[in-house]
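Numbering (our numbering), first residue to last: 5 to 299.
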């Protein structure tokens with residue numbers, strides 16, 4: 005049986021503070037209309053904290069499809085309100101890294117993303133969970149939360165990924181390795197770690213780091229092992245060649261649920277936003293939402 009097409013009626017919410025948000029809103033409205041998508045609601049949202057509420061109200065009103073334009077943080081803040089509903093979720097990648105869009109092979113330009121929505125298919129995909137909070141793509145412990153907590157707002161907006169990477173290099177001088185204990189699914193191990201990725205999707209920071217898929221029903225905990233910062237830099241460098249190249253620098257655990265405990269309480273960034281601290285339970289929510297993806 006052929007996969008269902010995305011609905012022809014939708015609400016569009018764009019994070020106008022995302023890197024490309026303000027300039028993209030009018031283009032998205034026009035292109036969606038030309039593609040035959042009737043926008044029953046559309047809003048450019050200047051305060052990102054209000055985006056989840058708009059999504060929740062649209063889902064409660066029975067809007068058949070919600071389209072969110074923004075970065076990975078905007079997407080993750082919205083998915084919680086779609087779980088458990090029949091509403092189809094769709095995205096326009098307007099952020100810096102756009103890791104979730106890359107995971108789903110959604111084009112990173114607005115015309116391409118609109119075409120994927122209008123001509124694509126509806127498919128159930130997994131979400132990750134940190135405690136009771138759903139997330140779309142990847143959470144992390146280590147240098148990424150340190151960057152997320154300190155990066156100036158204007159740096160990402162005006163310089164994009166190069167500016168983000170430059171700031172990451174600067175923060176490396178403040179970073180300290182940590183003890184990590186992983187429990188669950190028959191595992192109980194403690195290692196010295198430099199970075200931890202809790203992955204539903206394959207991409208992190210716009211780079212493919214984990215060999216996984218949002219349809220396989222498992223969460224992946226990937227740790228860069230060691231105590232020397234140079235090893236983290238080496239692992240990052242190898243990652244530019246593909247996820248298979250970093251195997252000698254990481255340890256992975258795959259399963260349904262794990263408990264993560266660190267020697268000291270550490271912040272966790274969830275798709276770029278610092279929203280939790282260790283210790284935490286991480287899990288997979290299989291087939292949690294219906295999503296418009298390329299055919």
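Ideal Cβ positions, reconstructed from N, Cα and C, are used throughout, including at glycine.
Computed from a predicted model, the values in this text were never measured in an experiment.
When C-beta atoms of the stretch 180-187 are compared with those of the stretch 250-264, three or more pairs fall below 8 angstroms, so the two segments count as touching. When DSSP states are grouped into helix, strand and coil, residue 192 belongs to the strand group.
For the stretch 102-143, the continuous beta strand (DSSP E) assignments of 3+ residues that do not extend past its boundaries occur at 125-134 and 137-139, in sequence order. According to DSSP, residue 93 shares a beta bridge with 70 and 295. For residue 58, the enclosing alpha helix (DSSP H) starts and ends at 55-64. Contact annotation: the stretch 123-136 does not touch the stretch 25-33, with fewer than three C-beta pairs closer than 8 angstroms. Within the DSSP bridge table, the entry for residue 19 names 49 as partners. With contacts defined as CB atoms closer than 8 angstroms, residue 45 and residue 63 fail to qualify as a contacting pair. Contact check for residue 14 against residue 118 fails: the beta carbons are separated by 8 angstroms or more. In the three-state scheme derived from DSSP, where H, G and I count as helix and E and B as strand, residue 219 is classed as coil.
Counting only residues of its own chain and dropping the five nearest sequence neighbours on each side, residue 97 has a CB closer than 7 angstroms to the CB of 105, 110, 112 and 117. In this structure, the CA atom of residue 204 is about 11 angstroms from the CA atom of residue 259.
Beta-carbon to beta-carbon, residue 85 and residue 50 are separated by about 20 angstroms, too far to satisfy the 8 angstroms threshold.
Taking 8 angstroms as the cut-off, the Cβ atoms of residue 212 and residue 247 count as close. Residue pairing by DSSP places residue 200 opposite 145 and 227 in a beta bridge. Within the same chain, 185 and 283 come within 6 angstroms of residue 265 by CB-CB distance, once the 5 residues on both sides are set aside. For residue 182, the beta-bridge partners assigned by DSSP are 197. The DSSP-derived three-state label of residue 41 is coil. Residue 273 sits away from residue 199, with the two beta carbons spaced by 8 angstroms or more.
Taken atom to atom, the span from the alpha-carbon of residue 7 to that of residue 194 is near 44 angstroms. According to DSSP, residue pairing for residue 287 in a beta bridge involves 133 and 261. The residues 145, 146, 149, 182, 281 and 282, in chain order, have a CB closer than 8 angstroms to that of residue 270 in the same chain once the five nearest residues on each side in sequence are set aside.
Buried is the label assigned to residue 80, since at least 16 other Cβ atoms lie within 10 Å of its Cβ. Within the DSSP secondary-structure output, residue 274 pairs in a beta bridge with 143 and 277.
By alpha-carbon distance to residue 219, the top candidate from 251, 120, 279 and 288 is 288. Relative to residue 285, the option among 263, 275 and 296 whose CA is nearest is 263. With contacts defined by Cβ atoms closer than 8 angstroms, residue 82 and residue 10 do not form a contacting pair. Ranking 99, 190, 41 and 43 by CA distance to the CA of residue 73 puts 99 first. Exposed is the label assigned to residue 245, since fewer than 16 other Cβ atoms lie within 10 Å of its Cβ. Take the alpha-carbon of residue 12 and the one of residue 40: they are about 7 angstroms apart. By the CB criterion at 8 angstroms, residue 142 and residue 103 fall inside the cutoff.
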